[in-house]
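Numbering (this note's numbering), first residue to last: 644 to 750.
Here a beta-carbon is modelled for each residue, glycine too, at the ideal position from N, C-alpha and C.
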């Protein structure tokens, strides 16, 4: 399931309308109570090229990957910008600020 989220985020960043449809399904899953995306340990993220795990909400994943268009699309769908990661407590806004992702902060 995690690769489909990456595919959706990447498609939105590439201005592919299919990405927004794909993100909408992830948003619907969050509304059904699956608010966090749990990734397999040592899953390699093709966008950043590093091992990752347990990234949190779809919006949080978009911000961690520095994908402002995807973050904007998720906010338009109603994803929660005040989400707090259960392990380390930061959320999309704090992560964007600490990482220097100015475009994600602007959305």
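Option in the options with minimal Cα separation from residue i
i, options, result
"residue 724", "672, 736 and 699", "736"
"residue 654", "712, 707 and 699", "712"
"residue 668", "734, 648 and 750", "648"
"residue 718", "742, 666 and 744", "666"
"residue 720", "650, 656 and 674", "674"
Range covered by the alpha helix (DSSP H) that runs through residue i
i, result
"residue 717", "711 to 720"
"residue 707", "701 to 707"
"residue 735", "735 to 742"
"residue 745", "745 to 749"
6 Å Cβ shell around residue i - same chain, five flanking residues per side excluded
i, result
"residue 683", "Low per-residue confidence applies at residue 683: pLDDT is 46, beneath 50, and the placement is therefore not dependable enough to give any value."
Nearest-angstrom beta carbon gap, residue j and residue i [assumed within contact, 8 Å]
i, j, result
"residue 710", "residue 748", "Residue 710 to residue 748, Cβ: 13 Å. No contact."
"residue 738", "residue 706", "5 Å"
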